[in-house]
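Colleague:
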Amino acid sequence: MIEFRSPRVINAIAYLFESGNSFASGLAETMRVDSREVYPILKTWIWKGVVEITKAGRRNVYSLSQKFKSLVKNTVKRYIYKGRDFIIAKAKERYKRFIGLDPDPEVIAVIEYFVDKVLSGNPYVQGSQDGSVAEILSEALGISLFNINEILRDLVQANILYVWRDRKASVAKARLDSSLTA
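Here you go:
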């Protein structure tokens, strides 16, 4: 997963998306740094293949790599076609069909949490030695542990969540059922 932590890098990537390619001076203006500092700031992203450098005379021309552009394009395309609201509606329909009741707001909050995890690129919620999946969800959503356990049981029965025990780490993992996002 690619995570841009620095606001300067975020501004530079956004500028390169808009302009296509740029000299260090253009990037330096958006990043609010001296043009000599552009390469050291972007060096990590050059090594990772996000930013490419070509030479124009003795000046560096910065642009986004085709691989990164296609990755962003595919992610946006997946989000548009299988958007958040579509997946949530499909999960609500499945919950009503299997359980026989409309999902209450707490159930919807858990479903939304898992949908957001899927769309962020990391679909798994993994327990640890310190806390289970239910404890992680309880803490993140502010729902009591007892209610989370009931909700998880109902979501597994409705084939909305898939829960299993990881053999290597001997902890539980949970994810949204892949048929909802396919």
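So that you can map any letter, position 123 of the sequence shown is 128 in our numbering, and since no number is skipped, the others follow by simple counting. Quick reminder that beta carbons are idealized off the backbone N, C-alpha and C, glycines included.
Can you tell me the Cα-Cα spacing of arginine 158 and isoleucine 92, whole angstroms?
Modeller: Taking the sequence shown and counting its residues from 1, the one referred to as residue 158 is at position 153. Taking the sequence shown and counting its residues from 1, the one referred to as residue 92 is at position 87. Each residue's alpha carbon lies about 20 Å from the other.
Colleague: Would you kindly report the start and end of the unbroken beta strand (DSSP E) that includes glutamate 111?
Modeller: As a position in the sequence shown, residue 111 is number 106, starting the count at 1. Unbroken run through glutamate 111 is the alpha helix (DSSP H), 110-125; no beta strand (DSSP E).
Colleague: In or out: isoleucine 15 buried (at least 16 other Cβ within 10 Å) or exposed?
Modeller: Your numbering for residue 15 matches position 10 in the sequence shown. So isoleucine 15 ends up on the exposed side.
Colleague: Suppose the cutoff is 6 Å on Cβ atoms and the five residues either side in sequence are ignored; what does the same chain contact list for tryptophan 50 look like?
Modeller: Within the sequence shown, the letter at position 45 stands for residue 50. Cβ neighbours of tryptophan 50 beyond the five flanking positions: Val56.
Colleague: By the three-class DSSP mapping on this structure, what secondary structure does lysine 53 have?
Modeller: As a position in the sequence shown, residue 53 is number 48, starting the count at 1. Residue state, collapsed to three classes: coil.
Colleague: By Cβ distance below 7 Å, which residues in the same chain neighbour alanine 139 in space, the five residues on each side in sequence not counted?
Modeller: For the purposes of this step, residue 139 is taken as the residue at position 134 of the sequence shown. Leu150, Ile153, Asn154 and Leu157.
Colleague: Give me the Cα-Cα distance between valine 176 and valine 115, rounded to the nearest whole angstrom.
Modeller: Residue 176 sits at position 171 when you count from the first residue of the sequence shown. Residue 115 sits at position 110 when you count from the first residue of the sequence shown. Going from the Cα of valine 176 to the Cα of valine 115 covers about 20 Å.
Colleague: Take phenylalanine 9 and list the residues in its own chain whose beta-carbon comes closer than 7 Å to its own, dropping the five residues that flank it on each side.
Modeller: The residue you call residue 9 lines up with position 4 of the sequence shown. Excluding sequence neighbours, phenylalanine 9 sits near Ile15 and Ile18.
Colleague: Ignore the nearest five residues each way along the sequence and tell me which others in isoleucine 46's own chain have a CB closer than 8 Å to its CB.
Modeller: The residue labelled residue 46 in the question sits at position 41 within the sequence shown. Cβ within range, chain order: Ser11, Arg13, Val14, Ala17, Met36 and Val38.
Colleague: Please classify valine 81 as buried or exposed, where buried requires at least 16 other C-beta atoms within 10 Å of its C-beta.
Modeller: Looking up residue 81 in the sequence shown gives position 76. Label assigned to valine 81: exposed.
Colleague: Residues in the same chain with beta-carbon distance under 8 Å from leucine 21, minus the five sequence neighbours each way, listed in chain order, please.
Modeller: Numbered from its first residue, the sequence shown carries residue 21 at position 16. If we look at leucine 21 and ignore the five residues flanking it on each side, its Cβ neighbours are Ser27, Leu32, Val56, Tyr67, Ser68 and Leu69.
Colleague: Near serine 133, which residues of its chain fall below 7 Å by C-beta distance, leaving aside the five closest residues on each side in sequence?
Modeller: Sequence index remark: in the sequence shown, residue 133 carries index 128 (1-based). If we look at serine 133 and ignore the five residues flanking it on each side, its Cβ neighbours are Val176.
Colleague: What residue does the alpha helix (DSSP H) around asparagine 16 start on, and which one ends it?
Modeller: Taking the sequence shown and counting its residues from 1, one reaches residue 16 at position 11. Its alpha helix (DSSP H) spans residues 12-24.
Colleague: Measure the alpha-carbon distance for leucine 146 versus glycine 136 and round it to whole angstroms.
Modeller: As a working note, residue 146 is residue 141 in the sequence shown. As a working note, residue 136 is residue 131 in the sequence shown. Looking at the two C-alpha atoms, the distance is approximately 15 Å.
Colleague: Can you give me the Cβ contacts of tyrosine 189 inside the same chain, cut-off strictly under 8 Å, excluding the 5 residues immediately before and after it?
Modeller: No answer is possible for residue 189: it lies beyond the span of the chain, which begins at 6 and ends at 187.
Colleague: Could you tell me the distance, in whole angstroms, from the CA atom of lysine 95 to the CA atom of leucine 142?
Modeller: Start at 1 with the first residue of the sequence shown, and residue 95 comes out as number 90. Start at 1 with the first residue of the sequence shown, and residue 142 comes out as number 137. If you take the alpha carbons of lysine 95 and leucine 142, they lie about 21 Å apart.
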